[in-house]
Amino acid sequence: MLCAALATASPAATASAQEAKNDLAAEIRAAAADIGGHPRILITPDLAAGLADHARGDARRARIADATIRSAEALVDEPVLTREVEGRRMLRVSRQALNRITTLSTAWKLTGEARFADRAAAELRAVSAFENWNPSHFLDTAEMAFAVAIGYDWLHDRLDQETREAARRAIVEKALAPALSSDRHWWKRTTNNWNQVCHGGLLAGAFAVIDHHPGEALRVIEMAVRNVPAAMASYSPHGAYPEGPGYWSYGTNYNVVLLDLLRRNLGGTFGLDGIEGFSETGAFPMLMTAPSGLPFNFSDNRAARRTHPAVYWLAARYDRPEWTRAQDRAADALPGGADDAPAPSWPDILGTLVWRDPGDLAHDGEADEADGHGLPLHWFSHGEVPVSVHRESWDCPDAVFVGVKAGSAAVSHGQMDIGSFVMEADGVRWAHDLGPENYHQVESRGLSLWDESQDGDRWSVFRNNNHSHGTLIIDGQLQHAAGRSPMVRFSADPAFPHSVIDMSPSYRGQLDTAYRGIGMLPSGSVLVRDQLGGLRPGAEVRWAMVTRAEPGETGKPTLELRQAGKSLTLTVHGDHEVAWETTDLATPPNEWDSPNEGFTRVSFTTTAPESGALDLAVVLRPGSSGDPDPGSEHLAPPIEWSPDEP
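Just so we're aligned: the sequence shown equals residues 467 to 1112 in our numbering.
Below is the structure:
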């Protein structure tokens, strides 16, 4: 009966969907009828004409402008790019083209010096002449389409007719046509960064050539508006990005490009900027950044200081000047400092010279909230990949910080890091995540890096499995890749802020129940509390943490770590007869694994009793903290730390 009902309903549903599609196409076509001249890719003719004065109107913009000109000068005598494919990717070349063309075109707008425009035009001709833009790995195609769109649009009146025609032809034949050739391209409706990057880059190409190729351009615009919500839904409910802070920048940069192109050229975003969570996502990179300036780099993310220029656009769009201030501070804290800016990338240039609105700061009124950012000290993401962070302060570089990861390994860029944490105190990162492996290095060995099945090659990569993370290993086994472990408790109570994960699904077949609680004690210490049940009697359970610190004497239930003249003491509480041990991670277990110079795994192993129940409590005490002993209420089972689910 159900199948019959669906069959009966199907024609009406199909007709309704077709009507909606026709309505959207008509709306886009009507809005595009009034599209302006060049430039129209992310800047207006007025801004382009007055960019030099605009840049000098603000010290931060002036620094980026000067750095852009210096970078352009270094590029003038460089040979143009050639088509080089590494493994299955041409992505490095596409990104070089995008940075080069943006830098040179901007330098020409800033200075009026023909040498910059001529050098950008040479790059434009070179990449337009490539045989193709590697559509089998469509990120390469989309980023190159964006590069050529910027060059063609920003330099339009400076280019000769032959170069303009070559660039238009390349955008249509090497990007738009391959994208439109099939409705089955997997990236069109995926929920990860590929959706945002591919549609964002293609949209730039479409708007660049829409006056000469309206048919293809309008179809690409409609395709983007229809499909990008699948990826934007990942920001729900509170702006977290499932792939982590580094991929947040990648995906969100292109998502912002897409929205800005629609807004500037069609007068609106068709409701895309109202998708749940997107108005909150400008806070995410700040929330994920620890006092050291390093991110909580869960999944395939690097522990590298960086800025997130898309935040400038988000701050202006959603009237959040505190986000602008936070990004300004992040830029000033980068190596080199505010007065010696490194070569800016295309997001740096657009973010600072186009998207950033220093006027936001002038009308902010009252000073920030006491935490200095208007952001919470304790935060839980909810969403597909649950993460939480707890910090003592936003303004003290020595503050205690801990970030905790729940969720599943079998997600885009996921790792077997369920229960893993990073931790800082006294200005030092003590607990680390090793970050991602080099994709090409693994793939060139014939391994299927993106196979997330339990026996998939992805988990034979050391950095991807739980043996390299600050979590539990039971009888030497891997975590259950498809398990989805929820965050079941979260508290921002300053007396005992904490998070609790039900890790049982991630250890399916190895135990019945596994709760991990991580909390900040009043003394300034961090407590990691594990409550396990249903273990095989005699099962070996290893507790581990990865660090760059120098370990002290091992073989005891207490271990001191030292780094940068500071100390952290790890103490196992309870009746367990355990002894800390260390493993140098510099030499990896497999030839396809990268070395991990300077990293050590500190761990202890204990054995499950006949009851199969095991309770572990480890206190991480910074040298600056008070009494290391947790109170009895903190040693209670973590599921009892707070009464309700978050």
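Here a beta-carbon is modelled for each residue, glycine too, at the ideal position from N, C-alpha and C. Predicted model only: the values in this text are computed from it and were never measured.
DSSP places residue 715 inside the alpha helix (DSSP H), whose first and last residues are 711-732. CA-CA distance, residue 790 to residue 773, rounds to 11 Å.
DSSP links residue 1026 through a beta bridge to 1035. Within the region 1078-1105, the complete beta strand (DSSP E) segments of 3 residues or longer fall at 1080-1088, listed in chain order. Listed as beta-bridge partners of residue 1006 by DSSP are 1073.
With fewer than 16 other beta carbons inside 10 angstroms of its own, residue 1109 counts as exposed. Contact between the region 651-666 and the region 716-728 is established, with three or more Cβ pairs separated by less than 8 Å. With contacts defined as CB atoms closer than 8 Å, residue 935 and residue 974 fail to qualify as a contacting pair.
Counting every other CB atom within 10 Å of its CB across the protein chains shown gives residue 740 a total below 16, marking it as exposed. In this model, residue 1023 and residue 1088 are separated by some 17 Å (Cα to Cα). Separation of residue 907 and residue 876 (C-alpha to C-alpha, rounded to the nearest whole angstrom) is 21 Å. The region 504-523 makes no contact with the region 869-886; the number of CB pairs closer than 8 Å stays below 3. A contact is defined here as three or more CB-CB pairs under 8 Å, and the region 1075-1086 meets this definition with respect to the region 1033-1040. Cβ-Cβ distances below 8 Å link residue 682 to 638, 642, 643, 646, 672, 675 in the same chain, with the five nearest sequence neighbours on each side left out; the list follows chain order. Beyond the five residues adjoining it in sequence on each side, residue 1017 comes within less than 7 Å, by CB distance, of 1025, 1027, 1048, 1066, 1068 in the same chain, given in chain order. According to DSSP, residue pairing for residue 490 in a beta bridge does not occur.
For the pair of segments examined, the region 892-912 was found not to touch the region 959-967: the number of CB pairs separated by less than 8 Å stays below three. The three-state reading of DSSP puts residue 758 in coil, since its state is none of H, G, I, E or B. A Cβ-Cβ distance of about 5 Å is found for the pair residue 848 and residue 703, placing them in contact under the 8 Å criterion. Contact between the region 718-733 and the region 752-768 is absent: fewer than 3 CB-CB pairs across the two stretches fall below 8 Å. In this structure the region 792-802 does not lie against the region 551-564, because fewer than three pairs of beta carbons, one per stretch, are closer than 8 Å.
Under DSSP, the beta-bridge partners assigned to residue 997 are 981, 1081. In terms of CA proximity to residue 1056, 929 leads the group 1098, 954, 929, 969.
Residue 986 is bridged by DSSP to 992. Here DSSP, grouped into helix, strand and coil, assigns residue 889 to strand. For residue 966, the uninterrupted beta strand (DSSP E) segment begins and ends at 964-968. The continuous beta strand (DSSP E) containing residue 938 extends over residues 938-940. Residue 510 and residue 504 have their C-alpha atoms some 8 Å from each other. Sorting 885, 914, 783, 992 by C-alpha distance to the C-alpha of residue 969 places 885 at the top. Close CB contacts of residue 692 within its chain, under the 8 Å cut and outside five residues either way in sequence, are with 487, 490 (chain order). If one requires a minimum length of 4 residues, the alpha helix (DSSP H) runs lying completely within the region 522-561 are 525-541, in chain order. Taking C-alpha positions only, residue 841 is separated from residue 892 by approximately 21 Å. Between residue 542 and residue 549, the C-beta gap is not smaller than 8 Å, which leaves the two residues out of contact. If the five residues before and after residue 625 are omitted, its C-beta is found closer than 8 Å to the C-beta atoms of 587, 590, 618, 633, all from its own chain and listed in chain order. A Cβ-Cβ distance of about 5 Å is found for the pair residue 888 and residue 762, placing them in contact under the 8 Å criterion. Residue 897 carries a strand assignment under DSSP once its states are collapsed to helix, strand and coil.
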